[in-house]
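Written out below as structure tokens is the structure these notes cover.
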Amino acid sequence: MHVFGHIHEGHGRVQQERTLFINAALCDVSYQANRLPQVTELGAR
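For the sequence shown, our numbering begins at 40 and goes up steadily by one.
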């Protein structure tokens with residue numbers, strides 16, 4: 040899992056092979072907080 044949040048307009052998640060990429064940005068390009076936090080459950084290894 041790789042979590043980041045700098046690219047505001049790229050909010051969301053993408054699975055590529057074994058890596059889950061999460062853009063957890065809460066603000067839009069105008070810096071208005073208008074998105075809900077994302078919750079991800081991790082399974083045991």
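Quick reminder that beta carbons are idealized off the backbone N, C-alpha and C, glycines included.
Taking residue i and residue j to be in contact with their CB atoms under 8 Å, please state how far apart those CB atoms are, rounded to whole angstroms.
| i | j | result |
| --- | --- | --- |
| residue 44 | residue 64 | 4 Å |
Find the nearest neighbour of residue i within the set the options, judged by alpha-carbon distance.
| i | options | result |
| --- | --- | --- |
| residue 69 | 40, 62, 41 and 48 | 48 |
| residue 80 | 46, 61, 66 and 74 | 61 |
| residue 66 | 75, 59 and 84 | 75 |
Can you tell me whether residue i is helix, strand or coil according to DSSP?
| i | result |
| --- | --- |
| residue 41 | strand |
| residue 49 | helix |
| residue 58 | strand |
| residue 63 | coil |
| residue 83 | coil |
Can the beta-carbon of residue i be found less than 8 Å from the beta-carbon of residue j?
| i | j | result |
| --- | --- | --- |
| residue 77 | residue 52 | yes |
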